[in-house]
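What follows is a set of notes on a single structure, which appears directly below.
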Amino acid sequence: MSKAVFITGTGTDMGKTYLSGLIVKKLAQAGKNPAYYKAAMSGNDRRADGSLIPSDALFVKEMSGISQSLDDMCPYVYENAWSPHLASRVEGNPVDLDVVRRGFLKAANDYEYITMEGSGGILCPLCFDERKIQLEDVIREFELSSILVADAGLGTINSVVLTAEYMKVHSLPIKGIIFNHYHPGNIMEEDNIAMCQYMTGLPVIAKVQDNAKDLDIDADVLAEFYDEVKIK
Numbered sequence: 162m163s164k165a166v167f168i169t170g171t172g173t174d175m176g177k178t179y180l181s182g183l184i185v186k187k188l189a190q191a192g193k194n195p196a197y198y199k200a201a202m203s204g205n206d207r208r209a210d211g212s213l214i215p216s217d218a219l220f221v222k223e224m225s226g227i228s229q230s231l232d233d234m235c236p237y238v239y240e241n242a243w244s245p246h247l248a249s250r251v252e253g254n255p256v257d258l259d260v261v262r263r264g265f266l267k268a269a270n271d272y273e274y275i276t277m278e279g280s281g282g283i284l285c286p287l288c289f290d291e292r293k294i295q296l297e298d299v300i301r302e303f304e305l306s307s308i309l310v311a312d313a314g315l316g317t318i319n320s321v322v323l324t325a326e327y328m329k330v331h332s333l334p335i336k337g338i339i340f341n342h343y344h345p346g347n348i349m350e351e352d353n354i355a356m357c358q359y360m361t362g363l364p365v366i367a368k369v370q371d372n373a374k375d376l377d378i379d380a381d382v383l384a385e386f387y388d389e390v391k392i393k
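Residue numbers for the sequence shown follow my numbering, beginning at 162 and rising by one.
See the structure below:
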């Protein structure tokens with residue numbers, strides 16, 4: 162049975178894609194047959210033929226070395242670097258949860274560990290016209306637990322605690338926190354991490370320095386954060 166986990170962040174540009182790449186790479190190197198999946202990607206460039214390049218998927222694929230097809234990694238790809246609900250309003254092709262479901266279940270049938278990345282922070286709307294779909298609707302659809310990605314720097318206590326409290330109130334389980342842009346020995350960052358851990362009660366899964374090439378966690382321990390996919 163395939164297993165999965167959701168990667169969300171305290172906001173945009175927290176490094177979710179970079180850390181997803183490190184996670185998938187770690188699992189791939191351990192022979193755990195991982196896959197990457199994302200419902201919607203915004204801010205993508207076009208190929209010479211005009212088709213959009215799913216940049217987040219391409220980054221994860223190149224970092225991890227997995228053979229998964231780019232076409233299977235993300236059903237909705239937009240050019241404008243906006244929330245998917247706005248990008249699709251301008252560009253067309255709004256998110257349909259049935260399409261997202263089919264792609265996710267295909268990955269679940271073909272791979273053992275699915276790392277599903279969100280768009281922006283937990284409150285990001287994916288569609289707000291034909292349908293109203295929030296990021297948390299996707300998490301609930303597949304009954305996923307999340308790993309929260311946060312910046313180790315200034316302001317993170319507020320954003321981590323607010324995100325964790327929102328997810329707790331809305332019954333969205335969190336496995337733990339990965340802190341990005343971490344500088345060992347930085348007194349403020351060390352205190353930020355300690356305060357976030359104390360105020361949320363969540364474990365710190367990893368602390369990741371800029372340009373890290375590996376995630377400092379055993380692959381078997383990492384795999385334990387994934388839950389069995391429930392096929393509906």
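Don't be surprised by glycine CBs; every beta carbon is placed ideally from N, CA and C.
Nearest-angstrom Cβ-Cβ length linking residue i and residue j, presumed shorter than 8 Å
{"i": "Ile-318", "j": "Met-356", "result": "5 Å"}
{"i": "Ala-165", "j": "Ile-275", "result": "4 Å"}
{"i": "Ala-313", "j": "Asn-270", "result": "Between Asn-270 and Ala-313 the Cβ distance is about 37 Å, and since that is not below 8 Å, they are no contact."}
{"i": "Ala-218", "j": "Leu-231", "result": "5 Å"}
{"i": "Tyr-198", "j": "Gly-264", "result": "7 Å"}
{"i": "Lys-193", "j": "Gly-226", "result": "With 8 Å as the limit, Lys-193 and Gly-226 do not qualify as a contact, their Cβ atoms being about 13 Å apart."}
Buried versus exposed call for residue i [16 or more other C-beta atoms within 10 Å across all chains shown]
{"i": "Leu-323", "result": "exposed"}
{"i": "Asp-290", "result": "exposed"}
{"i": "Glu-385", "result": "exposed"}
{"i": "Lys-293", "result": "exposed"}
{"i": "Ala-242", "result": "exposed"}
{"i": "Glu-278", "result": "buried"}
{"i": "Glu-326", "result": "exposed"}
{"i": "Asn-353", "result": "buried"}
{"i": "Glu-223", "result": "exposed"}
{"i": "Met-234", "result": "buried"}
{"i": "Gly-176", "result": "buried"}
{"i": "Tyr-359", "result": "exposed"}
{"i": "Ser-212", "result": "exposed"}
{"i": "Ser-228", "result": "exposed"}
{"i": "Ala-209", "result": "exposed"}
Sequence-distant residues of its chain with Cβ nearer than 7 Å to residue i (five each side left out)
{"i": "Glu-304", "result": "Lys-391"}
{"i": "Ser-320", "result": "Thr-171, Gly-172 and Ala-311"}
{"i": "Phe-220", "result": "Thr-178 and Gly-182"}
{"i": "Ile-339", "result": "Leu-180, Ile-308, Val-310, Ile-366, Ala-367 and Val-369"}
{"i": "Asp-371", "result": "His-342"}
{"i": "Asn-254", "result": "Tyr-237"}
Neighbourhood of residue i by C-beta distance below 6 Å, restricted to the same chain and skipping five residues each side
{"i": "Ala-201", "result": "Tyr-237, Pro-245, Val-256, Ser-280 and Leu-287"}
Three-way DSSP call (helix, strand, coil) for residue i in this model
{"i": "Leu-376", "result": "coil"}
{"i": "Ile-283", "result": "coil"}
{"i": "Leu-309", "result": "strand"}
{"i": "Asp-357", "result": "According to the sequence as given, residue 357 is Cys; it is not Asp. Correct three-state label for Cys-357: helix."}
{"i": "Leu-363", "result": "coil"}
{"i": "Asn-270", "result": "helix"}
{"i": "Val-390", "result": "coil"}
{"i": "Pro-245", "result": "helix"}
{"i": "Phe-220", "result": "helix"}
{"i": "Val-238", "result": "strand"}
8 Å Cβ shell around residue i - same chain, five flanking residues per side excluded
{"i": "Asp-381", "result": "Ala-191"}
{"i": "Ser-163", "result": "Ala-268, Ala-269, Asn-270, Tyr-272, Glu-273, Tyr-274, Ile-275, Glu-389 and Val-390"}
Validate contact between the segment 343 to 353 and the segment 257 to 269 using beta carbons, cut 8 Å, 3 pairs: no
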